[in-house]
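Line order of the protein sequences matches chains A and B. So in the numbering used here, the last spot in the first sequence is 452, and the numbers never skip. So in the numbering used here, the last spot in the second sequence is 1452, and the numbers never skip. Ideal placement from N, C-alpha and C gives every residue a C-beta, glycine not left out. All values derive from a computational prediction rather than experimental measurement.
2 protein chains.
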Amino acid sequence: MEDLALFTDLYELTMAASYFDQRMFEPASFSLFIRNYPPSRSYFVSAGLDEALYFLEDLRFSPDDLDYLGESGLFKRDFLSYLKKLRFTGEVYAIPEGRLFFVNEPIVEVTAPLIEAQIVETFLINTVGLQTMIATKASRCVHAAGSRKLVDFSMRRTQGTDAGMKVARASYIGGFVGTSNVLAGKAFGLPIFGTMAHSYVTSFESEIEAFRAFTRSFPDNVILLIDTYDTLSGAEKAVEVAKEMAQQGVDLKGVRLDSGDMARLSKEVRRILQKGGLGKTMIFASGGFDEFKIKKVLDEGGDIDSFGVGTKMGVSADAPYVDMAYKLVKYNGHPVLKLSPEKQTLAGEKQVFRFTTSKGKLRRDIIALRDERLEDGEPLLKKVMREGKIVKQSSSLSRIQKIFQDEFSRLEDRLKSIERRRCEYPVVLSPKLKSLQSRTIRKYKREELGES
Amino acid sequence: MEDLALFTDLYELTMAASYFDQRMFEPASFSLFIRNYPPSRSYFVSAGLDEALYFLEDLRFSPDDLDYLGESGLFKRDFLSYLKKLRFTGEVYAIPEGRLFFVNEPIVEVTAPLIEAQIVETFLINTVGLQTMIATKASRCVHAAGSRKLVDFSMRRTQGTDAGMKVARASYIGGFVGTSNVLAGKAFGLPIFGTMAHSYVTSFESEIEAFRAFTRSFPDNVILLIDTYDTLSGAEKAVEVAKEMAQQGVDLKGVRLDSGDMARLSKEVRRILQKGGLGKTMIFASGGFDEFKIKKVLDEGGDIDSFGVGTKMGVSADAPYVDMAYKLVKYNGHPVLKLSPEKQTLAGEKQVFRFTTSKGKLRRDIIALRDERLEDGEPLLKKVMREGKIVKQSSSLSRIQKIFQDEFSRLEDRLKSIERRRCEYPVVLSPKLKSLQSRTIRKYKREELGES
């Protein structure tokens, strides 16, 4: 991991400096959770934990970082010396990547000396928030596409390069088959996809010459982009080239449509392909697809085998952020919370227990205190870090994808609706957590607001 | 710049391999432009060029990259040897950062041997698209806030770490005074801001103890967060602490509100501050602000001196992408374009000329051929790279911010409306460009579609 210790809001460091002045080094626990469902969502897919843990394990301020902080004039020398030696030494519980979770459930809980647990807030929210948002968005696209395959085409419009990488990874967790992002292919071992752009076609004397040239370079992997001038005339030319290829014993793998009325054009292109004897040539569609457009085009009878899904998935365009928060829930042995309107937090270290029906369907979750044991409930948060060290190596991405697919298949269909939230998955608090919560709220109201 | 040569769609490389097979090394020109205005926008602020040019200047494939491409089995050895030696040797014209531009105007034009010009597409769209989108969004927030100061608080919810950095930079270009992002402060020399979070308050025995402790650590820079339990009771405690500070000869700089009805609360907090003799203490507000919420709270009489603007600016929530494209416009001396519905491009190398009124107000732009000279029009695209080398060092960010502020002050107010697009800034094509465009379209229709 590159040097990201300073990828933090300044207030994390000013708070840390003040804690240092007060000698407040006692253990603190923070919960990472999502406060509200974004529009039309009823679940989240856990993603991003892997990178979060590497960040914690590698956390250190470089001499360069410390020089910069020194020059800012904000910090005293003894605090900077403390930062120089600071490492993350805490423990982390988390819901593994690929698992489903719901509003208010802690996805990560961090316990460490106060300063260590505090200063990692910004990065944890940033990385887990983005990847969870994208894995969730991707799962909606996959759900809308049914059995058709989806490829991540978003990287040119992701919000920066880091997002480009994380979107490739998280969309794969959410069920995509791969990405156009070569660097993500290299970094994560993801399958990579891609053939040609319009500029390829326009750089040749004619469209058919472009098709022929590409076929010569990549005979085994030809998907011709046919909409540069006119989709149907492009399809006719593709048939012509496919016939030439057949004489060399090579099949045309597919054609790509990238503009126009996709439902109508795909049906007409299919007719042209079949008339040309290309029964196995696949129709690949791209251009503005997300779960809504996939559903619309398929509802209209679009005859498409596979989709390139770009921008709108890659920025989660209909819900481009999640309301993820990282809140202190326990300090020095005492449960704590904040009372701010609509932003009240759940005190104490917690565990989420998941209950399923006899057929394995997801039935409900109970958020409990971490040391509770609820019969028949599966505890979702696992201990993933101890004394600042990752407890076990992460699963492979294909394994994580499988974990997601298995659990998603056991989620009720009405919770998967892409158009609106019809109902909420039942999540309740255990009696013990509820009672801790009431006691803590009463204490604050009494002590801070003078209520009796 | 880190190793981003593989931050590219796979098709850039498959196309390149095919160009290589065809020995197509002639010069190609590509235009980078935005096809449509996002909702309620009528202008864009140029941003991101600086990083784009560094990327081009440093472009090279590492041995590791080449190994990965080799192992993919997609590419022949002679192409990989070619990639090994590949550097960007082209020339670039661009609209400088901070300048305003409009739909269809080329913001960057790249001319280089075809492969070099092609494979940089993904990164150029990614970086210029994001920063332009954010500088534009930030400018809307600044416009809505009038004389009040804005600070970028978005980094925890930006889409990844790279976005966190670029949002800090681009929002500064759009008129923000600084950021909470410490790493961006270090990297770009931006002013950094921040004091305390709710967890700071909750980690103390009581709110007032937290206020006192912070005051001891940072006497010169105290902005107290007062909504952890109840905003008005927090304000009373802030007054109490301010009185204690006054005895040490120190002023309370401000209080921060982060939840609730901001218009009402800010007025009541102001009354409490003034009653407590704190006439100069500033009220800082954060929590879900963007141009729309800033306008609403100010319209309702909110008494706020400064805003922390976070998530919704940092992801440009109401318009989280721009429809930016990078299209081949000339190859081997011939103008080219694509005819795809609603995605037609403008052929040829171009220049944008800006015309102003006698009072300096922006009047209209003409997109012309690059070698045209239009009297009284200011040519916006400058030569920024020659033979792969940056022509001159970039301006400082404060200089770029000033360039933006000056030009924005000369843009008609009705083009700055944040609520809806009332009109479009006039952009027309020069007669010569129009004629080239018609000739090229006719040629393609004749040759590709058989029209006469």
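Asked                                                                                                                                                                : Found
Along the segment 196-221 of chain A, where does the CB come closer than 8 Å to a CB of chain B? Name the residues.                                                  : Met-196, Ala-197, His-198, Ser-199, Tyr-200, Val-201, Thr-202, Ser-203, Ser-206, Glu-207, Ala-213, Phe-214, Arg-216, Ser-217, Phe-218, Asn-221
Between Gly-277/A and chain B, is there a C-beta pair that is closer than 8 Å?                                                                                       : no
At least one CB of chain A closer than 8 Å to the CB of Val-1250/B: is that the case?                                                                                : no
Please identify the residue among Arg-1442/B, Arg-1156/B, Arg-1446/B, Arg-1399/B whose C-alpha is closest to the C-alpha of Phe-1188/B.                              : Arg-1399/B
Hey, would you say Met-1196/B sits closer than 8 Å to Ala-1184/B, going by beta carbons?                                                                             : no
If you run the structure through DSSP and keep just helix, strand and coil, what is Arg-1353/B?                                                                      : Reading off the sequence, residue 1353/B comes out as Phe, not Arg. If DSSP states are grouped into helix, strand and coil, Phe-1353/B belongs with the strands.
Taking DSSP as the reference, what is the three-state secondary structure of Pro-1113/B?                                                                             : strand
Using the Cα positions of Leu-337/A and Thr-136/A, report the straight-line distance between them to the nearest angstrom.                                           : 28 Å
Just to confirm, are Ile-418/A and Ala-144/A a CB contact at a threshold of 8 Å?                                                                                     : yes
How many angstroms separate the CA atom of Met-385/A from the CA atom of Asp-1406/B?                                                                                 : 52 Å
Looking at the structure shown, is Tyr-331/A part of a helix, part of a strand, or coil, going by DSSP?                                                              : strand
May I ask you to verify whether the segment 158-177 of chain A touches the segment 1045-1061 of chain B, counting CB pairs closer than 8 Å and requiring at least 3? : no
Can you tell me which of Lys-275/A, Asp-261/A, Gln-22/A, Gly-277/A puts its alpha carbon nearest to the alpha carbon of Ala-285/A?                                   : Asp-261/A
Run through DSSP, which three-state label would Pro-431/A get?                                                                                                       : helix
For a contact defined as C-beta to C-beta under 7 Å, what are the partners of Asp-1021/B on chain A?                                                                 : Arg-216, Ser-217
Give me whichever residues DSSP pairs with Phe-33/A in a beta bridge.                                                                                                : Ala-325/A
Taking 8 Å as the threshold (beta carbon to beta carbon), is Gln-247/A in contact with chain E?                                                                      : Considering every chain present, this structure includes no chain E. Its protein chains are A and B.
Can you give the Cα-Cα distance for Ser-203/A and Val-1322/B, rounded to whole angstroms?                                                                            : 26 Å
Indicate the three-state DSSP secondary structure (helix, strand or coil) for Glu-12/A in the structure shown.                                                       : helix
Give me the Cα-Cα distance between Lys-1312/B and Ser-1154/B, rounded to the nearest whole angstrom.                                                                 : 8 Å
Residues bridged to Pro-379/A by DSSP?                                                                                                                               : Phe-353/A
For Val-1108/B and Val-1427/B, I'd like the C-alpha separation in whole angstroms.                                                                                   : 17 Å
Counting only beta-carbon separations shorter than 8 Å, does Ala-1017/B have a partner in chain A?                                                                   : yes
Quick check: the segment 20-30 of chain A against the segment 326-340 of chain A, are there 3 or more CB pairs under 8 Å?                                            : yes
Does any C-beta atom of chain B lie closer than 8 Å to the C-beta of Thr-58/A?                                                                                       : The displayed chain sequence assigns Asp, not Thr, to residue 58/A. False, the Cβ-Cβ gap to chain B never drops below 8 Å.
Just the C-alpha distance for Thr-122/A and Gly-1333/B, rounded to the nearest angstrom, thanks.                                                                     : 51 Å
Taking Cβ-Cβ distances below 8 Å as the criterion, which residues of the segment 1105-1132 of chain B are in contact with chain A?                                   : Leu-1114, Gln-1118, Glu-1121, Thr-1122, Phe-1123, Ile-1125, Asn-1126, Thr-1127, Gly-1129, Leu-1130
List the residues of chain A whose Cβ lies closer than 9 Å to the Cβ of Met-1262/B, in chain order.                                                                  : What Met-1262/B touches in chain A: nothing, since even the nearest Cβ is about 11 Å away.
For the alpha helix (DSSP H) that contains Ala-1168/B, what are its first and last residues?                                                                         : 1161-1173
Within a Cβ cutoff of 7 Å, which residues of the same chain sit near Ala-246/A, ignoring the five residues on either side of it in sequence?                         : none
Residues of chain A with CB under 7 Å from Phe-1007/B, in chain order?                                                                                               : Thr-161, Gly-164, Leu-183
Please identify the residue among Ser-1266/B, Asp-1227/B, Glu-1424/B, Lys-1243/B whose C-alpha is closest to the C-alpha of Asp-1258/B.                              : Asp-1227/B
So for Lys-1445/B, helix, strand or coil by DSSP?                                                                                                                    : helix
Along the segment 318-332 of chain A, where does the CB come closer than 7 Å to a CB of chain B? Name the residues.                                                  : Pro-320, Tyr-321, Lys-327, Leu-328, Tyr-331
Out of Arg-140/A, Glu-387/A, Ser-306/A, state which residue places its alpha-carbon closest to the alpha-carbon of Ile-173/A.                                        : Arg-140/A
Looking at the C-beta of Arg-1077/B, does it have a partner C-beta in chain A at a distance below 8 Å?                                                               : no
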